[in-house]
Amino acid sequence: MIVGNGRTGRAYAARLAGRDDCGPVDLLGAEPAPALARALLPSVLSGELPLHLLRLPPLPTPVTEYAGVPVTTVDRRRRVVVRADGREFPYDRLVLATGSAPHLPSIAGPAGAAPPEGVAVLRSAADAARIPDGAAVVLGGGPLAVEAAFALRRAGRAEVALVHRGPWPLDRRLPERAGRALAARLSAAGVEVHLEQRAESYARAKLTLADGQVLHADALLPCTGTLPESRLAREAGLPVRAGVLTDLAGRTTDPAVHAIGSCAEPARPRPGGSLLRLRADGSGLLSFGSLSDAEESVVLTDPARHRYAELALRAGRVAGAAIIGLPHAVAAVTGLHDSGAPAPRDLLPLLLGSPAAVPSAADPLDAVLCHCNDVTGRKLAAAWRQGARDLPALARATRATTGCGGCADEVRALCAVLMTERSAT
Ligand SMILES: Cc1cc2nc3c(=O)[nH]c(=O)nc-3n(C[C@H](O)[C@H](O)[C@H](O)COP(=O)(O)OP(=O)(O)OC[C@H]3O[C@@H](n4cnc5c(N)ncnc54)[C@H](O)[C@@H]3O)c2cc1C
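Note that the numbering used here has the sequence shown beginning at 84, numbered continuously upward.
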């Protein structure tokens, strides 16, 4: 039994289904709509992707999927989960994959109460359709805030502002010069950026900032973090801090109950900053690892064009990166990160996007081109043979390019190669 049909719950169910010794798996999801690729919601917000393209394909037997089934209680003694209407589902092994929920700031009203009119979140398909029209203000400076602000402008909203407490967007991930380049890119895209600012109050489409400025905000979108959905585990008497406490294998103190994904909190934190790739304004943004304590580093700054790249090397590999405005470098360095291959001797060609600088996969078709959606060249070639002959058709067939968009040039290049091969045969 898996509770939570988001990214982690579904990936785990798919893995179980591939095993010969897999028994029946029930996958329960609270949301009434079919599961979707949540990370692509900003592309729905911007109007670039229709919602139905985000729907995830059904999982094979022995997985049975149930949508619109919010679980309210876990009874560990009887090994059943209870849903809102009182129906019970028995389990031998229970996996909690309930994810996390938006953490709203105090100006959105008291916790648990309905937020004031105009306040909207971006978490589910229904949320994307519920954001009021008109002037929009995004609160926060993390990845979701940045993506939402760019997406709202791409959607054609005339007035979009971003209000962030920190000194630059993504200040927890990016060094100052990269963050300043990102802020400049937001401004160039038409987003009014307010940094080192605090939102004090919100009412009747007006957001008042700590310095007294008042922003017009028909829609207020707090992107101010998330909290793990750990209520089920807490009420079932399992150890919980913010998330459900587990070991690195997802085990809780009950051998029959596991917790995985963003609802869980492993006892020992995983080392290193995870990979972050954003579409931003289409020119791509990449950040991972640590830039400090490097054995060697290379920095490229181009403030006039709001571009920045920094790579940190340790033991001959790229151990940290912050790149903005250089899509070829984003693609090349992501490839190095994923393959774990050694860095080339001269890093500059890598940042300039020279193909010779990038170690290639044994068979180029096995390389992942779209990292956001895990699409390989082989999958794209198969879709191409079935008639998807240009970028929009390939995007529809495989979802490639619909995440951060940084792979668009590579997908176009693959199209050109396939076309040449076809003409030659
Ligand atoms: C708009 C947006 C964009 C994002 N972009 C990116 C990105 O580009 N890259 C990235 O790495 N991450 C991104 N994220 C974060 C990413 O979505 C999460 O890290 C990821 O979804 C976590 O997976 P999960 O399976 O743990 O939780 P979720 O995907 O949130 O899934 C949890 C599921 O459990 C269900 N659930 C919760 N409680 C119950 C219950 N009691 N009963 C039944 N079902 C329940 C929920 O309805 C939900 O469907 C984004 C998130 C959002 C909202």
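Where is the CB? At the ideal position from N, CA and C, for every residue including glycine.
Within its own chain, the residues whose Cβ lies closer than 6 Å to the Cβ of serine 270, once the five positions on either side in sequence are excluded, are Val276, listed in chain order. DSSP, reduced to helix, strand and coil, places threonine 384 within a strand of the structure shown. Annotation for glycine 372 indicates a beta carbon at 7 Å or more from all heavy atoms of ligand 1. Distance from the Cα of valine 221 is smallest, within the candidate group Cys453, Ile407, Cys306, Tyr95, for Cys306.
Taking every protein chain shown into account, the CB of histidine 135 has fewer than 16 other CB atoms within 10 angstroms, so this residue is exposed.
Apart from sequence neighbours up to five positions away, the residues of its chain that approach valine 382 with a beta-carbon distance below 6 Å are Glu393, ordered along the chain.
Alanine 241 and leucine 290 have their C-alpha atoms roughly 17 Å apart.
Between the C-alpha atoms of glutamate 312 and glutamate 504 there is a straight-line separation of about 51 Å.
Relative to ligand 1, even the nearest heavy atom lies 7 Å or more away from the CB of cysteine 490. Relative to ligand 1, the beta carbon of leucine 205 is positioned inside 7 Å of a heavy atom. Just so you know, the alpha carbons of leucine 452 and proline 199 end up roughly 43 Å apart. Counting only runs of at least 3 residues, the segment 185 to 269 fully encloses the following beta strand (DSSP E) elements, listed from N- to C-terminal order: 219 to 222, 243 to 246. Taking a contact as a CB-CB distance under 8 Å, the pair valine 327 and threonine 336 does not count as one, their CB atoms being some 10 Å apart. In this structure, the straight-line span from the alpha carbon of valine 500 to that of histidine 420 is close to 25 Å. For leucine 137, no beta strand (DSSP E) encloses it, and the DSSP letter there is neither H nor E. Using a Cβ distance threshold of 8 Å, leucine 369 and serine 183 do not count as a contacting pair. By the Cβ neighbour-count rule, glutamate 148 is buried, with 16 or more other Cβ atoms within 10 Å of its own.
Across the set Ala150, Ala167, Phe172, Gly130, the C-alpha of Phe172 shows the shortest separation from the C-alpha of arginine 159.
DSSP, reduced to helix, strand and coil, places leucine 278 outside both helices and strands of the structure shown, so it counts as coil. Ligand 1 approaches arginine 121 closely enough that one of its heavy atoms is under 7 Å from the residue's Cβ. About 7 Å separates the beta carbons of leucine 142 and leucine 110, which is inside the 8 Å limit, making them a contact pair.
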